[in-house]
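**Student:**
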Amino acid sequence: MATHPWWTAAVVYQIYPRSFADSDGDGIGDVPGVLTKLDYLADLGVDVIWLSPIFTSPQDDNGYDISDYRAVDPVFGKLADLDRLIEQAHDRGMRIILDLVVNHTSDEHPWFIESRSSTDNPKRDWYWWRPARDGYAAGSPGAEPTNWASAFSGPAWDLDETTGEYYLHLFSRKQPDLNWENPAVRQAVYSMMRWWLDRGADGFRMDVINLISKDPSLPDGPPIGGGPLGVAWEAVVCGPRIHEFLQEMHAEVFAGRPAPLLNVGEMPLATIQDAVLFTDPARRELDMVFQFDHVTMGPTKWDARPAKIADLKASLGRWQEGLAKIGWNSLYLSNHDQPRPVSHFGDDGRYRVESSTALATVLHLHRGTPYVYQGDELGMTNAPFTSIDDYRDIETLNHYAYDVGVRGQQPDRVLADLRKVSRDNARTPMQWDSSPHAGFSTATPWIPVNPNHVEINAETAMADTGSVWHHYRRLIELRHTERAVALGDFTMLLPDHPHIYAFTRQLDDVTLTVVANLSSSTVELDLAVGGELLLVTGGVGTDSTHLKPWEARIYRRAVG
Ligand code: GLC
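In the working numbering, the protein residues as written are 32 to 591.
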């Protein structure tokens with residue numbers, strides 16, 4: 032029998048440390064806080080922890096702007112705390128992957144400080160420096176070297192007064208892009224990665240890793256909405272040397288390591304064809320990628336229309352098919368950049384528990400490695416903020432300033448969109464209990480807690496066997512015990528049905544059938560299902576011809 036990588040039967044849990052657990056009473060979560068929750072995670076059954084960045088950082092983008100890759104930011108603790116976390120996770124049979132943010136550094140990283148100091152500094156070429164556009168005086172409107180927009184509003188170039196040149200930042204102006212064309216940059220990154228693996232890390236979640244190879248001619252992009260700015264993506268997504276760089280990284284960092292690792296690349300706008308290449312084991316690049324198709328289905332990020340289940344099904348179905356033979360999917364509905372799935376895809380009012388569990392059932396039964404974002408196992412919902420003062424996220428604040436300040440939109444309209452799509456929806460403190468700060472901290476948290484923590488919290492959920500939490504626990508266990516969940520072939524059923532999400536997973540003589548009603552009305556089930564009922568959401572009393580609102584079932588049939 033062929034052997035399969037361990038992560039085919041593993042579930043990853045993402046921790047956003049700032050919002051997970053605060054141990055020192057400053058209102059910000061930290062690494063020692065995570066240590067106090069390891070038993071909680073072991074109890075849930077997860078195999079891997081992905082820790083969002085805890086490295087030294089000015090925190091312009093909550094740690095995705097790193098100024099020292101080999102140190103823990105004092106706000107999160109000490110290096111020794113992280114060593115302990117790795118050790119104690121390992122003691123419980125869990126692995127830890129770190130966030131690798133190397134498309135850019137902080138502008139306060141010593142590399143950038145050197146780089147900006149003069150045009151002939153040895154590190155000048157570690158970043159993307161360019162003079163003003165031909166015929167324009169530096170600093171004048173339109174003088175940026177390309178028309179690219181930054182992902183966080185405004186141009187992707189900033190003028191540096193010291194040398195009179197511009198530097199590229201695809202994200203905030205405090206996140207200058209590293210120049211991966213320079214071999215010294217690549218070696219510095221690989222050396223840092225080896226250092227973390229030697230310290231016990233079990234791999235990396237690689238931040239926007241498909242942006243590291245840019246088209247060096249830096250062409251202008253198609254204009255956005257008739258304005259002066261253009262789209263950067265065509266020149267930077269999966270650029271000309273991306274596969275070469277990842278293969279080099281694999282050879283320099285991962286090859287020959289005895290310990291089993293997990294490396295997952297975050298890849299906005301990557302296609303199925305790209306993902307096949309990135310995750311084909313024979314090519315030695317990555318184990319899996321986070322693709323964005325199913326979380327970017329509106330025309331723009333800010334176009335806050337409710338997600339259509341038919342679109343979700345079509346999108347995930349395409350990826351299942353595309354990576355069926357070669358490569359591997361990562362399965363997620365949320366993370367620290369997305370709204371809460373129960374609010375976005377489900378019904379976070381009357382059917383909060385039912386829709387959280389139905390969505391989780393569907394996701395976890397796909398072929399691929401599931402990722403649970405902190406709080407989703409409690410059915411946490413979007414934040415009900417009514418004032419811009421409650422928001423903290425740079426992307427959100429920049430967008431609000433632009434839409435209200437520059438485009439003259441009504442603040443209430445923009446706030447209504449933020450309640451649907453802002454990244455801060457996922458970043459409110461973890462709801463541990465019903466006490467004033469949700470058991471997250473003894474102090475006022477850095478971002479307001481969701482008032483619904485009084486009902487929705489871990490303590491209550493763990494005491495109730497019908498809770499979202501217990502359902503997640505059963506799904507995770509099923510991935511460990513049922514080989515067809517990890518490895519079975521995927522076949523979509525009823526592809527055109529607007530509400531029912533149904534499919535089979537088949538391995539040897541075992542067939543699992545998943546049927547889920549992803550709507551708030553009862554629907555007729557026009558599908559012959561049968562076998563042993565392994566799991567059902569919404570309690571007992573199934574009806575063979577109908578599915579209750581947000582009811583999901585898993586059947587198992589073995590022949591022979
Ligand atoms: C990734 C991160 C996001 C961050 C951005 C820039 O998309 O997940 O949080 O803002 O990269 O590092």
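Beta carbons are placed, not taken as given, at the ideal position from N, Cα and C, and that holds for glycine.
Is there contact between the region 422 to 440 and the region 576 to 587, where contact requires at least three CB pairs shorter than 8 Å?
**Tutor:** no
**Student:** Enumerate, from N- to C-terminal direction, the unbroken alpha helix (DSSP H) stretches of 4 or more residues contained entirely within the region 67 to 136.
**Tutor:** Counting whole runs of 4 or more residues, the region 67 to 136 contains the alpha helix (DSSP H) stretches 69 to 75 and 110 to 122.
**Student:** Would a C-beta distance cut-off of 8 Å place P372 and D407 closer than the cut-off?
**Tutor:** yes
**Student:** Could you please give me the residues that DSSP links to H577 through a beta bridge?
**Tutor:** Residue pairing from DSSP places H577 in a beta bridge opposite E555 and D574.
**Student:** Say the cut is 7 Å; is the CB of E297 nearer than that to a heavy atom of the ligand GLC?
**Tutor:** yes
**Student:** Would D368 pass as an interface residue toward chain C - the criterion being a Cβ-Cβ separation below 8 Å?
**Tutor:** Chain labels in this structure do not include chain C; a single protein chain is all it has.
**Student:** So D464 and N483 are supposed to be a Cβ contact under 8 Å. How far apart are they, rounded?
**Tutor:** Rounded, the Cβ-Cβ distance is 13 Å, inconsistent with contact.
**Student:** Comparing alpha-carbon positions, which option in V239, T544 and S552 lies nearest L558?
**Tutor:** T544
**Student:** So, with DSSP's three-state summary, where would you put F285?
**Tutor:** DSSP places F285 in helix when its eight states are reduced to three.
**Student:** Between the Cα of L242 and those of P253, M223 and V268, spot the shortest distance and give me the residue it belongs to.
**Tutor:** V268
**Student:** Identify every residue that forms a DSSP beta bridge with Y532.
**Tutor:** A547
**Student:** Would you list the residues sitting across from T658 in a DSSP beta bridge?
**Tutor:** The structure shown does not extend to residue 658, since the chain is modelled only from 32 through 591, so no value can be given for it.
**Student:** Just to confirm, are V452 and K339 a CB contact at a threshold of 8 Å?
**Tutor:** No; because the gap between Cβ atoms is not below 8 Å, this pair is not in contact.
**Student:** What's the gap between the Cα of P337 and the Cα of V560?
**Tutor:** 30 Å
**Student:** What do you get for T576, buried or exposed, if any count of 16 or more other CB atoms within 10 angstroms of its CB means buried?
**Tutor:** exposed
**Student:** With a Cβ-Cβ cutoff of 8 Å, do N360 and M319 count as a contact?
**Tutor:** yes
**Student:** Evaluate contact between the region 493 to 508 and the region 383 to 396, counting only Cβ atoms and requiring at least three cross-stretch pairs below 8 Å.
**Tutor:** yes
**Student:** Is it buried or exposed for T67, if we count other Cβ within 10 angstroms and need 16 for buried?
**Tutor:** exposed
**Student:** Taking L260 as the reference, give the member of Q206, L293 and P176 with the closest Cα.
**Tutor:** P176
**Student:** Return yes when the C-beta of D238 is under 7 Å from any heavy atom of the ligand GLC, and no when it is not.
**Tutor:** Between the ligand GLC and the CB of D238, the shortest heavy atom gap is smaller than 7 Å.
**Student:** What residues are listed by DSSP as bridge partners for M237?
**Tutor:** L131 and G296
**Student:** Compute every distance between the C-beta of V132 and the non-hydrogen atoms of the ligand GLC, then say whether any falls below 7 Å.
**Tutor:** Proximity of the beta carbon of V132 to the ligand GLC is indicated: a heavy atom of the ligand is located closer than 7 Å.
**Student:** Taking 7 Å as the cut-off, does the CB of Q206 come closer than this to any heavy atom belonging to the ligand GLC?
**Tutor:** yes
**Student:** Tell me the residue span of the beta strand (DSSP E) that contains D191.
**Tutor:** W188 to D191
**Student:** What is the DSSP secondary structure of E175, reduced to helix, strand or coil?
**Tutor:** Correct three-state label for E175: coil.
**Student:** Starting from E139, follow its DSSP beta bridges and name the residues at the other end.
**Tutor:** Answer is none; E139 lacks a bridge partner.
**Student:** Quick check on DSSP: helix, strand or coil for Y404?
**Tutor:** Strand, per DSSP.
**Student:** Please name the residue, chosen from P526, R381, Q322 and D151, that lies closest to R552 on a Cα-to-Cα basis.
**Tutor:** The question names Arg, but residue 552 is Ser in the sequence shown. Closest option to S552, Cα to Cα, is R381.
**Student:** Name, in chain order, the residues that DSSP records as bridge partners for Q45.
**Tutor:** Note: Q45 sits in a beta bridge opposite W81 and Y404.
**Student:** Which first and last residues belong to the beta strand (DSSP E) in which A583 is found?
**Tutor:** A583 to A589
**Student:** Taking the alpha carbon of E192 as the reference point, which residue from A219, W160, S181 and N210 has its own alpha carbon closest?
**Tutor:** W160
**Student:** If you draw a straight line from the alpha carbon of M32 to that of L524, how long is it in whole angstroms?
**Tutor:** Low confidence applies to M32: its pLDDT is 46, below 50, so where it sits in the model is not reliable, and the reading given next is rough at best. Looking at the backbone, the Cα of M32 and that of L524 are separated by about 29 Å.
**Student:** Use the C-beta contact count for A492: other C-beta atoms within 10 angstroms, 16 or more gives buried, fewer gives exposed.
**Tutor:** buried
**Student:** So the alpha helix (DSSP H) E508 belongs to, where does it begin and stop?
**Tutor:** V499 to T512
**Student:** Could you say which of R204, R288 and G353 lies nearest to D92 if we only look at CA atoms?
**Tutor:** The candidate whose alpha carbon is nearest that of D92 is R204.
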